[in-house]
Amino acid sequence: MSDIDKFCCVRCGSENLCYGHLGSTPNVFIPSGIFTIHGFKTRSYVCVDCGYLGTYISRNRLEKLREKLKDRLDEI
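So that you can map any letter, position 9 of the sequence shown is 17 in this note's numbering, and since no number is skipped, the others follow by simple counting.
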């Protein structure tokens, strides 16, 4: 099962989502205080039931972010 298959709308809980990117170029999340040249490419979705627009980072990118944050996360 892919990352997309597991998502549901955070507003209404619907699984009727349309995936894509915002803008003409992909949005990139650049975390504060972490050196990264390219940042983390984000994906977006809109719920076709309620109209909520959300953005997320894929699981593999999230794992890379966790690796970069490992020292900080261990302190918490």
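Glycine is no exception: its CB is placed at the ideal position from the N, C-alpha and C atoms. None of the values given here were measured: they were computed from a predicted structure.
Can you look up residue i in the DSSP assignment and give me helix, strand or coil?
| i | result |
| --- | --- |
| L73 | helix |
| R80 | helix |
| I38 | coil |
In whole angstroms, what separates the C-alpha of residue i from that of residue j?
| i | j | result |
| --- | --- | --- |
| G86 | S22 | The shown model of the chain, from 9 to 84, leaves out residue 86, and the question about it has no answer. |
| V56 | G31 | 19 Å |
| K60 | T50 | Strictly speaking, residue 60 in this sequence is Tyr, with Lys absent from that position. Answer to the nearest angstrom: the Cα atoms are 16 Å apart. |
| K76 | V18 | 27 Å |
| P39 | C58 | 29 Å |
I'd like to know whether the C-beta atoms of residue i and residue j end up nearer to each other than 7 Å.
| i | j | result |
| --- | --- | --- |
| V54 | C26 | yes |
| G28 | S66 | no |
| R80 | F48 | no |
Compare the Cα-Cα distances from residue i to each of the options and report the closest residue.
| i | options | result |
| --- | --- | --- |
| F37 | R80, K78, L73 and D79 | L73 |
| P34 | E75, K78 and Y64 | Y64 |
What residue does the beta strand (DSSP E) around residue i start on, and which one ends it?
| i | result |
| --- | --- |
| L48 | Correcting the residue identity first, residue 48 is Phe in this sequence and not Leu. Counting along the chain, the beta strand (DSSP E) containing F48 begins and ends at F48 to C55. |
| T44 | T44 -> no beta strand (DSSP E), and no H or E assigned at all. |
| L61 | L61 to I65 |
| L25 | L25 to G28 |
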